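Q: Structure incoming, see below.
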């Protein structure tokens with residue numbers, strides 16, 4: 118049965134796109150009223166939308182950025198400690214801190230509106246690394262001090278470049294004095310990521326970002342709702358089409374395109390699990406988050422969104438942290454892919470239609 122399901126997968130994005138177009142037309146014709154019992158209450162007032170957004174910012178988005186700031190500071194400190202006193206234990210601690218930091222980063226992305234977008238934080242913290250360029254830099258003699266690395270391109274900076282430094286070929290030297298140059302580079306990367314995130318973290322934790330989210334990022338609170346729905350949809354598309362769908366459709370892990378495979382930390386599914394957790398936090402439930410905005414007008418949709426989020430969380434939670442190891446459980450991967458796809462379609466079609474949001478096109482890589 119898993120094989121049949123896998124054979125059908127390449128056609129699924131076309132079907133989802135067709136549904137998206139149809140429901141976008143519904144949204145354009147008036148939004149939430151379904152006429153068949155789906156909608157039951159009055160749409161929330163502007164003040165009520167502001168209240169929901171403020172609660173979402175305070176309960177989910179700001180705490181996520183607080184954890185990101187703490188984890189990046191801890192990572193920088195762990196790498197500095199490794200450079201000062203190299204050892205196997207110090208290397209293990211730095212690697213553990215990296216896993217915590219990358220998970221914290223992923224958990225912010227569904228709420229990556231406002232300050233993170235304005236700062237283009239992804240470019241400084243988690244741009245896709247070019248591993249050969251990282252390896253060439255480590256093996257060469259160009260300076261790898263903080264100031265020098267700050268002038269380098271995004272493909273050799275950020276947490277994914279740091280993954281190559283901490284986990285890639287030759288990284289065991291970090292536990293010895295022979296790894297000094299590599300460690301200096303790693304320290305520069307960790308410090309730069311923490312520095313880049315600090316202003317965004319400050320805006321959310323004790324700053325004005327929550328108030329700005331509630332007031333409206335671009336002309337009233339509905340503009341914030343639109344940006345959040347789009348961000349959640351983009352992140353689910355990324356999780357589905359750039360990870361789980363490809364993993365389910367591949368005949369072997371080695372068949373995955375290079376830009377779909379996980380890095381040397383073998384942390385790909387754990388990475389995606391943290392991303393999904395951030396999505397689920399922004400969606401929320403009938404009391405807070407985007408779901409709260411439709412709980413009165415379409416309680417059935419609210420219930421289905423919560424149920425779909427729970428199913429996606431449970432099925433992705435069953436997978437191994439490593440994509441390569443998760444691949445071996447074909448049925449579990451297929452179930453997770455189906456669950457995430459179901460949630461993505463609900464968000465991009467029914468939730469967007471109910472809230473009158475137009476879903477923009479995205480490359481699913483994100484830029485926040």
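Numbering (this note's numbering), first residue to last: 118 to 485.
Just so it is clear, CB atoms sit at the ideal spot from N, CA and C, and this is done for glycine as well.
Computed from a predicted structure; not experimentally measured.
Alpha carbon to alpha carbon, how far is residue 171 from residue 376? Give it in angstroms, no decimals.
A: Whole-angstrom Cα-Cα distance: 37 Å.
Q: Just verifying my parser: in three-state terms, what is the DSSP assignment at residue 153?
A: Legend: pLDDT at residue 153 = 45, less than 50; position of this residue unreliable, value from coordinates given subsequently. Here residue 153 sits in coil by DSSP.
Q: Pairs of beta-carbons, one from the stretch 185–193 and one from the stretch 307–314, closer than 8 Å: are there three or more?
A: The stretch 185–193 is in contact with the stretch 307–314.
Q: So, with DSSP's three-state summary, where would you put residue 411?
A: Correct three-state label for residue 411: coil.
Q: Grouping DSSP H, G and I as helix and E and B as strand, with all else coil, what is residue 420?
A: Reduced to three states, the DSSP call for residue 420 is helix.
Q: My parser needs the alpha helix (DSSP H) runs of 4 or more residues fully inside the stretch 225–270; what are they?
A: Runs found: 232–236, 238–242, 248–256 and 263–267.
Q: Can you give me the Cβ contacts of residue 141 inside the same chain, cut-off strictly under 6 Å, excluding the 5 residues immediately before and after it?
A: At residue 141, the pLDDT of 44 sits below 50, so the modelled position is not reliable; the number obtained from the coordinates is stated separately. Same-chain partners within the cutoff: there are none.
Q: Since I believe residue 399 is in contact with residue 238 (beta carbons under 8 Å), could you give me their beta-carbon distance rounded to a whole number of angstroms?
A: Not quite, the Cβ-Cβ distance comes to about 17 Å (not below 8 Å), so this is no contact.
Q: So, helix, strand or coil for residue 472, using DSSP?
A: Residue state, collapsed to three classes: helix.
Q: From what residue to what residue does the alpha helix (DSSP H) around residue 390 run?
A: Taken as a continuous stretch (DSSP letters only), the alpha helix (DSSP H) holding residue 390 covers 385–400.
Q: How about residue 354 and residue 223: do their beta carbons lie closer than 8 Å?
A: No. Outside cutoff.
Q: Locate the alpha helix (DSSP H) running through residue 309, then write down its first and last residues.
A: Segment 297–321, the alpha helix (DSSP H) holding residue 309.
Q: Output yes or no for whether 8 Å exceeds the beta carbon distance between residue 454 and residue 362.
A: Yes, the pair counts as a contact, with Cβ atoms nearer than the cut-off.
Q: Counting Cβ pairs, one atom from each stretch, are 3 or more of them under 8 Å apart for the stretch 244–255 and the stretch 269–284?
A: Judged by Cβ distances under 8 Å, the stretch 244–255 makes contact with the stretch 269–284, as three or more pairs qualify.
Q: Using C-beta distances below 7 Å, list every residue in its chain close to residue 412, excluding the 5 sequence neighbours before and after it, in chain order.
A: 403 and 419.
Q: Tell whether a beta-carbon distance below 8 Å holds between residue 396 and residue 349.
A: Their beta carbons are under 8 Å apart, which means residue 396 touches residue 349 by this criterion.
Q: Thinking residue 254 and residue 302 are a contact (beta carbons under 8 Å), I'd like their distance in whole angstroms, please.
A: With a Cβ gap of about 7 Å, residue 254 and residue 302 count as contacting.
Q: List the endpoints of the continuous alpha helix (DSSP H) containing residue 450.
A: Unbroken alpha helix (DSSP H) run through residue 450: 447–462.
Q: For residue 405, which three-state DSSP category applies?
A: Correct three-state label for residue 405: coil.
Q: For the 8 Å Cβ check, are there 3 or more pairs between the stretch 314–330 and the stretch 211–218?
A: Cβ pair count under 8 Å is below three, so no.
Q: Pick from 423, 390, 463 and 470: whose alpha carbon is nearest that of residue 432?
A: Selected option, being the one with the closest Cα: 390.
Q: In three-state terms, what does DSSP make of residue 492?
A: No information on residue 492 is available, as it lies outside the stretch 118 to 485 that the chain covers here.
Q: If you pair each beta-carbon of the stretch 198–208 with each one of the stretch 334–350, do three or more pairs fall below 8 Å?
A: No, because fewer than three Cβ pairs between the stretch 198–208 and the stretch 334–350 fall closer than 8 Å, the two stretches do not touch.
Q: On the CB-based measure, 16 or more other CB atoms within 10 Å of its CB, does residue 225 come out buried or exposed?
A: With 16 or more other Cβ atoms within 10 Å, it is buried.
Q: In whole angstroms, give me the CA-to-CA distance for residue 318 and residue 352.
A: Those two C-alpha atoms are separated by around 20 Å.
Q: Please classify residue 145 as buried or exposed, where buried requires at least 16 neighbouring CB atoms within 10 angstroms.
A: In this prediction, residue 145 scores a pLDDT of 42, lower than 50, which makes its location untrustworthy; the coordinate-derived value is nonetheless stated afterwards. Answer is exposed; the Cβ neighbour count stays below 16.
Q: For residue 163, tell me which candidate among 445, 278, 347 and 410 has the shortest Cα-Cα distance.
A: Of the candidates 445, 278, 347 and 410, the one whose C-alpha sits nearest the C-alpha of residue 163 is 410.
Q: Grab me the residues of residue 456's own chain with a C-beta within less than 6 Å of its C-beta, minus the 5 sequence neighbours each way, in chain order.
A: Closer than 6 Å at the Cβ level, and outside the excluded window around residue 456, lie 428, 429 and 432.
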